[in-house]
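K.L.:
One structure coming up, written as structure tokens, with questions to follow.
Number of protein chains: 2
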Amino acid sequence: MDDEAIESEAWYVNSLARGLKVLLAFSQRQEALSTSEVAELTGLSRAATRRFLMTLRYLGYLRSVDNRFVLSAKALDLGYAYLSTSGIVELVQPILETLSATCSETSSLAILEGEEVIYVARTPTRRMIALRVGIGSRIPAYASSLGKAILAFTEQAEADALIESFELKALTPKTIADPALFREEIRTVRANGYAVTASELEVGVASIAVPIMASDRSVIAALNISTHESIHAPQDLRDKFLEPLLNTKADIEAALSAVPHLTLKFRG
Amino acid sequence: MDDEAIESEAWYVNSLARGLKVLLAFSQRQEALSTSEVAELTGLSRAATRRFLMTLRYLGYLRSVDNRFVLSAKALDLGYAYLSTSGIVELVQPILETLSATCSETSSLAILEGEEVIYVARTPTRRMIALRVGIGSRIPAYASSLGKAILAFTEQAEADALIESFELKALTPKTIADPALFREEIRTVRANGYAVTASELEVGVASIAVPIMASDRSVIAALNISTHESIHAPQDLRDKFLEPLLNTKADIEAALSAVPHLTLKFRG
DNA sequence: TAGCGGTTGCGCGCTTTGCGCACAAGTCGC
DNA sequence: GCGACTTGTGCGCAAAGCGCGCAACCGCTA
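Just so you know, the protein sequences line up as chains A and B, in that order.
Here UniProt numbering is used: position 90 in the first sequence is 90, and no number is missing along the way.
Here UniProt numbering is used: position 157 in the second sequence is 157, and no number is missing along the way.
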């Protein structure tokens, strides 16, 4: 192991990390997995893998049918504890519903985690597009209005470091895959106060996002409205949606400041 | 420990179970938790708790602000893996959307896990009611149309054992809290082919559910439409919603039979 | 039927991991 | 300043978890 330095720390519980690795192996494949397949995916020995699988099954997170394992619905408990205790659903969702209703478009709230943004609340309206993207989904930050809005208002040094680490890939012909251009884009977003994306993540999908700040003015999340270019031209997004977005931003920030501990959930 | 018999099995990885226990401790409380608080909630020693917390933080599942820990959004990965690999979203969700749209009411798909049903897909329509209930939420099986529909079509002996173990509590004045009456209700559901609930879980909420079968005719889930008594009288639910429900049931069962491995995700 | 590459389950001895005690070092309130 | 409370951490020790390696069980092919 190359991160021996960490794995051998006195406080590090290797078995927990390994067990979670086994659990996450199931997110990589659709099919039911055998012990050896999981062992290969995780890089653990077959014997160790088996112990973890048996334990996870005993705990109810996995089910098995003749030597093949699948995730059970109990696995939802682990992830959804985040949502159920965060108050996001109760607090943010209704506000998002209102925004979504007034604009007749999909709206989402997301936070930045590493190179990706994670959706934490979402109200789909137009069902045709982006059905796959739900709460908990991750998308590359650099190709999303949400990611750009967060990055633009992150502290300069931290943002630079993050952008530096990005591996910009052209997901569509319109993706901004050049670091210099991307930095320029981020500057523009900061100047405007909002971010627009047109076909950068997926052809035809356009969105406009604004940052959400904590009471200390540091950015913690982003809010966007997402639509299809065939319905709203990208250049019209600002005129049509910026005002409702800014109103909703204010609503959410007010709601967050009333529950200070919730801010922790986004950025600690 | 009273289940020493299991914990001392050779295959049982105690550290993984303990670590997950620590992670789940955060679903019990809204606030940020200190090491000692988690230790108390889990029953582990403070030293052990600390090792797990540090490990989970290192892995990104927890964040911490001066000695207090909260779940991070990465925790969603664990639960999201279940949804993203199950194909439920791609397969069931669109069908549910259609049902929900034709009925103008909330529809949900849930599975039985122990004494509770877990929502695995859901399309809320009327936003006022039951906003808290989302994917991954658990509700007592005996007070829900979904639970009754599943139980009524579970194999007799298994269903009896489950009902036996239920601790029937009167959640509302209308909850069926008597075991004999509940068994009678289940027989009625089996005879009718659908289950109706009126104010049994929450006053004012009414719903009608049908079971979803695997290709071998065993029940694996239930589908319901949920509304408010002030909008639709409980006795009208059958006439209004049973036909669309049965049509959707057929659609879902057809879709499931086309992807046999998906059935495993519900019941193994 | 016998042989063979591919699985899988599992016993066993060894080592290391993770255990909890117990001490040190802060933090608050009187 | 001195208790009563937290929290971080070093240490020695038991056992928990490790992976090797064997045996059993497939489904093929001959």
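Don't be surprised by glycine CBs; every beta carbon is placed ideally from N, CA and C.
#1: Establish whether the CB of T42 (chain B) and some CB of chain A are separated by less than 8 Å.
#2: Go to S104 (chain A), then tell me how far its alpha helix (DSSP H) extends in each direction, as first and last residue.
#3: Quick one: does residue 271 (chain B) have its CB under 8 Å from some CB of chain A?
#4: Is E105 (chain A) buried or exposed, if buried means 16 or more other CB atoms sit within 10 Å of its CB?
#5: Return the bridge partner residues of A209 (chain B) from the DSSP annotation.
#6: Note down the Cα distance separating E9 (chain A) from E115 (chain A), rounded to an integer number of angstroms.
#7: Determine the burial state of G79 (chain B): buried for a count of at least 16 other Cβ atoms within 10 Å of its Cβ, exposed for fewer.
#8: Could you pull the start and end residues of the beta strand (DSSP E) that V70 (chain A) belongs to?
#9: Mind checking if D216 (chain B) is an interface residue toward chain A, Cβ cutoff 8 Å exclusive?
#10: When the Cα atoms are used, what is the spatial distance from I252 (chain A) to P94 (chain A)?
#11: F174 (chain B) to A222 (chain B), Cα distance in whole Å?
#12: Are there 16 or more other CB atoms within 10 angstroms of the CB of T85 (chain A), so buried, or fewer, so exposed?
#13: Any heavy atom of the ligand COA inside 7 Å of the beta-carbon of L78 (chain A)?
#14: Can a CB atom of chain B be found closer than 8 Å to the CB of V205 (chain A)?
#15: Three-state secondary structure (DSSP) at T172 (chain B)?
#16: Within a Cβ cutoff of 6 Å, which residues of the same chain sit near A101 (chain A), ignoring the five residues on either side of it in sequence?
#17: What whole-angstrom Cβ distance do I208 (chain A) and L237 (chain A) have, given they're in contact under 8 Å?
#18: So, at 6 Å on beta carbons, what are the nonlocal neighbours of A258 (chain A) in its own chain, with the 5 sequence-adjacent residues on each side left out?
#19: Closest Cβ-Cβ distance between M213 (chain A) and chain B: below 8 Å?
#20: Name, please, each residue of chain B whose Cβ falls closer than 7 Å to the Cβ of A73 (chain A).
#21: To the nearest angstrom, report how far apart T227 (chain A) and L16 (chain A) are at their CA atoms.
#22: Would a C-beta distance cut-off of 8 Å place A141 (chain A) and L151 (chain A) closer than the cut-off?
#23: I think I163 (chain A) touches R183 (chain A), with their Cβ atoms under 8 Å apart; what is that distance to the nearest whole Å?
#24: Could you compute how far the alpha carbon of K21 (chain A) sits from the alpha carbon of R46 (chain A)?
P.N.:
Based on what the coordinates show:
#1: Sequence index remark: in the second sequence, residue 42 (chain B) carries index 42 (1-based). With 8 Å as the cut-off, T42 (chain B) does not count as an interface residue toward chain A.
#2: The count along the first sequence starts at 1 and reaches residue 104 (chain A) at position 104. Premise fails: S104 (chain A) is in no alpha helix (DSSP H) and is neither H nor E.
#3: The question about residue 271 (chain B) has no answer here: the residues shown for chain B are numbered 1 through 268.
#4: Your numbering for residue 105 (chain A) matches position 105 in the first sequence. Under this definition E105 (chain A) is a buried residue.
#5: The residue you call residue 209 (chain B) lines up with position 209 of the second sequence. Checking the DSSP bridge columns, you'll see A209 (chain B) partnered with B:A195, B:N224.
#6: The residue given as residue 9 (chain A) occupies position 9 in the first sequence. The residue given as residue 115 (chain A) occupies position 115 in the first sequence. Spanning the alpha carbons of E9 (chain A) and E115 (chain A) requires a straight line of approximately 27 Å.
#7: The residue you call residue 79 (chain B) lines up with position 79 of the second sequence. Buried, because 16 or more other Cβ atoms sit within 10 Å of the Cβ of G79 (chain B).
#8: Position 70 of the first sequence holds residue 70 (chain A). Element bounds for V70 (chain A): 68 to 71.
#9: For the purposes of this step, residue 216 (chain B) is taken as the residue at position 216 of the second sequence. It does not: the Cβ of D216 (chain B) has no partner Cβ on chain A nearer than 8 Å.
#10: As a working note, residue 252 (chain A) is residue 252 in the first sequence. As a working note, residue 94 (chain A) is residue 94 in the first sequence. Whole-angstrom Cα-Cα distance: 10 Å.
#11: Sequence index remark: in the second sequence, residue 174 (chain B) carries index 174 (1-based). Sequence index remark: in the second sequence, residue 222 (chain B) carries index 222 (1-based). For clarity, residue 174 (chain B) is Lys in the given sequence; the question names Phe instead. When only Cα atoms are considered, K174 (chain B) and A222 (chain B) end up about 22 Å apart.
#12: Taking the first sequence and counting its residues from 1, one reaches residue 85 (chain A) at position 85. Looking at its Cβ environment, which holds 16 or more other Cβ atoms inside 10 Å, T85 (chain A) is buried.
#13: Absence of the ligand COA is noted for the structure shown, with no ligands found whatsoever.
#14: Residue 205 (chain A) sits at position 205 when you count from the first residue of the first sequence. Residue contact check for V205 (chain A) against chain B: no CB pair falls below 8 Å.
#15: On the second sequence, residue 172 (chain B) is found 172 positions in, with the first residue counted as 1. The answer is coil: DSSP assigns T172 (chain B) none of H, G, I, E or B.
#16: Start at 1 with the first residue of the first sequence, and residue 101 (chain A) comes out as number 101. By the criterion of a C-beta distance shorter than 6 Å, A101 (chain A) is surrounded by no residue of its chain, once the five residues flanking it on both sides are discounted.
#17: Position 208 of the first sequence, counted from the first residue, corresponds to residue 208 (chain A). Position 237 of the first sequence, counted from the first residue, corresponds to residue 237 (chain A). Rounded, the Cβ-Cβ distance is 4 Å, consistent with contact.
#18: Working through the first sequence from its first residue, we reach residue 258 (chain A) at position 258. Taken in chain order, the list of residues that qualify is empty.
#19: Position 213 of the first sequence holds residue 213 (chain A). The beta-carbon of M213 (chain A) is placed no less than 8 Å from the nearest beta-carbon of chain B.
#20: Residue mapping note: residue 73 (chain A) aligns to position 73 of the first sequence, counting from 1. Here the neighbours are Y82, I111, E113, I118, V120.
#21: Locating residue 227 (chain A) in the first sequence gives position 227, counting from the first residue. Locating residue 16 (chain A) in the first sequence gives position 16, counting from the first residue. The alpha-carbon atoms of T227 (chain A) and L16 (chain A) are separated by roughly 42 Å.
#22: Locating residue 141 (chain A) in the first sequence gives position 141, where the first residue counts as 1. Locating residue 151 (chain A) in the first sequence gives position 151, where the first residue counts as 1. Cβ atoms of A141 (chain A) and L151 (chain A): closer than 8 Å.
#23: Here residue 163 (chain A) corresponds to residue number 163 of the first sequence, with the count starting at 1. Here residue 183 (chain A) corresponds to residue number 183 of the first sequence, with the count starting at 1. Between R183 (chain A) and I163 (chain A) the Cβ distance is about 7 Å, and since that is below 8 Å, they are a contact.
#24: Along the first sequence, one-based indexing puts residue 21 (chain A) at 21. Along the first sequence, one-based indexing puts residue 46 (chain A) at 46. Distance from the CA atom of K21 (chain A) to the CA atom of R46 (chain A), rounded to whole angstroms, is 14 Å.
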